[in-house]
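Written out below as structure tokens is the structure these notes cover.
There are 2 protein chains.
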Amino acid sequence: MPQDTHGDHEAPARAEGFNHARTAQSVALLEDYTEMIDDLIHEHGEARLTDIARLMGVTHPTAAKAVARLKREGLAVSRPYRGVFLTEIGVAMAARVRLRHRVVVDLLVAVGVPAEAAEIDAEGIEHHVSDATLGAFEAFLKARG
Amino acid sequence: MPQDTHGDHEAPARAEGFNHARTAQSVALLEDYTEMIDDLIHEHGEARLTDIARLMGVTHPTAAKAVARLKREGLAVSRPYRGVFLTEIGVAMAARVRLRHRVVVDLLVAVGVPAEAAEIDAEGIEHHVSDATLGAFEAFLKARG
DNA sequence: CGCCAAATGTAGCCACGTCTACACTTTTGT
DNA sequence: ACAAAAGTGTAGACGTGGCTACATTTGGCG
Numbered sequence: 001m002p003q004d005t006h007g008d009h010e011a012p013a014r015a016e017g018f019n020h021a022r023t024a025q026s027v028a029l030l031e032d033y034t035e036m037i038d039d040l041i042h043e044h045g046e047a048r049l050t051d052i053a054r055l056m057g058v059t060h061p062t063a064a065k066a067v068a069r070l071k072r073e074g075l076a077v078s079r080p081y082r083g084v085f086l087t088e089i090g091v092a093m094a095a096r097v098r099l100r101h102r103v104v105v106d107l108l109v110a111v112g113v114p115a116e117a118a119e120i121d122a123e124g125i126e127h128h129v130s131d132a133t134l135g136a137f138e139a140f141l142k143a144r145g
Numbered sequence: 146m147p148q149d150t151h152g153d154h155e156a157p158a159r160a161e162g163f164n165h166a167r168t169a170q171s172v173a174l175l176e177d178y179t180e181m182i183d184d185l186i187h188e189h190g191e192a193r194l195t196d197i198a199r200l201m202g203v204t205h206p207t208a209a210k211a212v213a214r215l216k217r218e219g220l221a222v223s224r225p226y227r228g229v230f231l232t233e234i235g236v237a238m239a240a241r242v243r244l245r246h247r248v249v250v251d252l253l254v255a256v257g258v259p260a261e262a263a264e265i266d267a268e269g270i271e272h273h274v275s276d277a278t279l280g281a282f283e284a285f286l287k288a289r290g
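Just so you know, the protein sequences line up as chains E and A, in that order.
Position 36 of the first sequence, counted from 1, bears residue number 36 in my numbering, the numbering being contiguous throughout.
Remember, my numbering sits 145 above the position in the second sequence when you count from 1.
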């Protein structure tokens, strides 16, 4: 819902973080669905709308709209009453998102967060982890082997 | 926008994290504005709508709507054409949010994230940090004093 | 004091994510 | 093969956060 038709005018530095967070939020949904679809395809050979909806914790029309957006953005394809599939770009995004998710969870655990909380919190945190931060996380994890 | 009228039906464990993240999102805006108002009051003695809007990186009607919601939720008070003030609850929330923000930034820096990226990313991350995770962060920071 | 600029309020629009309700396919089971 | 069940599509409603445009109030300055 950020629709961001404009940008920053002349936003003070303080606002940068907020605008950034709002933008991230708009991408988060794409990332989550993309990863979920990729998971389903790997596990069941196909991604059914009903399964997507159930696993995402939403109703099927909501999932359908999300898939429509994925298609609009060139991340997925599907034909009526058939499953959903990812495009090359979608697959790449899924891989990137999955890697980031694992790194975030690992880092949280590494600094002492209980595994269960780490999994839940990571779902929200990961979308706000920039490349710079991700790199630092990886370096930290590597350094303590 | 989660309107969450119901909850989980019977969401699989997988969905828990997503629902949690969606709920957090709905609270994030309240937290951000509350903290911003608190900051302004401390720095300038009052929180003007225009300043709030500018610092949040939005237009003034958007800030006005947010303030209206804060008032609805009992976090702030204001009279027409006067500044905005926090209720006791609002002040408490601001303090909690500020502490959490600082801990998150400190932790990011502690694991090697550049200060600038840490500040920006923290703005999005903090809203998804549960009490359990926050506690772990504090323990980690203390342990390496 | 009066007037104009700046601040605030209000109305109306759009996009989004969510839901319910209902229509229509596809699959399944007897 | 056909009816019932399951899956999918589509319409319509809501709340929210964003914006622009316009109305109103404050406040400062000549």
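Even for Gly, the Cβ is constructed at its ideal location relative to N, Cα and C.
Interface flag, residue i vs chain E, CB-CB below 9 Å
i         : result
Met201(A) : yes
Asp153(A) : Confidence is the limiting factor: at Asp153(A) the pLDDT is only 47, short of 50, which leaves the residue's position unreliable, though a coordinate-based value still follows. Yes, its Cβ sits closer than 9 Å to a Cβ of chain E.
Ala284(A) : yes
Thr281(A) : At residue 281(A) the sequence reads Ala, which differs from the Thr that was named. Yes, its Cβ sits closer than 9 Å to a Cβ of chain E.
Thr208(A) : The sequence given here has Ala at residue 208(A), not Thr. Judged by the 9 Å Cβ criterion, Ala208(A) is not in contact with chain E.
Ala156(A) : yes
Coarse secondary structure for residue i, derived from DSSP in three states
i         : result
Ala156(A) : coil
Val274(A) : coil
Thr5(E)   : Bear in mind that a pLDDT of 39 at Thr5(E), under 50, signals an unreliable position, so the number given afterwards is only what the model happens to contain. Coil at Thr5(E), not helix or strand.
Val229(A) : strand
Phe163(A) : helix
Arg144(E) : coil
Gly57(E)  : coil
Val104(E) : helix
Gly280(A) : helix
Val256(A) : coil
9 Å Cβ cutoff, residue i in contact with chain A
i         : result
Ser26(E)  : no
Thr133(E) : yes
Glu46(E)  : no
Arg69(E)  : no
Gly145(E) : no
Integer-rounded CB distance, given that residue j should sit under 8 Å from residue i
i         : j         : result
His127(E) : Val27(E)  : 7 Å
Ala63(E)  : Ala53(E)  : 4 Å
Ala118(E) : Leu134(E) : Ala118(E) to Leu134(E), Cβ: 16 Å. No contact.
Ala136(E) : Gly83(E)  : Not a contact, Cβ separation roughly 38 Å.
Asp183(A) : Val236(A) : 7 Å
Glu146(E) : Gly162(A) : Because chain E is modelled from 1 through 145, residue 146(E) falls outside the range shown and cannot be assessed.
Pro12(E)  : Leu194(A) : Not confirmed; about 16 Å, so no contact.
Leu215(A) : Thr168(A) : Not confirmed; about 18 Å, so no contact.
Leu174(A) : Ala213(A) : Actually they do not touch by this definition, with Cβ atoms about 12 Å apart.
Val129(E) : Asp266(A) : 6 Å
Val104(E) : Glu138(E) : About 11 Å separates the two Cβ atoms, so there is no contact after all.
Identified DSSP bridge partners for residue i
i         : result
Ala76(E)  : Leu86(E)
Ala267(A) : Per DSSP, none; premise fails for Ala267(A).
Ala68(E)  : None; Ala68(E) has no bridge partner.
Ala173(A) : DSSP lists no partner for Ala173(A).
Ala192(A) : Val229(A)
Report the residues of the segment 105-128 of chain E with a CB closer than 8 Å to any CB of chain A, ordered along the chain.
Only Leu107, Leu108, Val111, Gly112, Val113, Pro114, Ala117, Ala118, Glu119, Ile120, Asp121, Ala122, Glu123, Gly124, Ile125, His127, His128 from the segment 105-128 of chain E bring a Cβ to less than 8 Å from some Cβ of chain A.
Residues within the segment 160-184 of chain A neighbouring chain E, beta-carbon criterion of under 7 Å
Going along the segment 160-184 of chain A in chain order, one finds Ala160, Glu161, Gly162, Phe163, Asn164, His165, Ala166, Ala169, Gln170, Asp177 with a Cβ nearer than 7 Å to chain E.
Closer than 8 Å between beta carbons: that is the criterion. Which residues of the segment 72-89 of chain E meet it against chain A?
For the segment 72-89 of chain E, which is checked against every Cβ of chain A, not one residue is closer than 8 Å.
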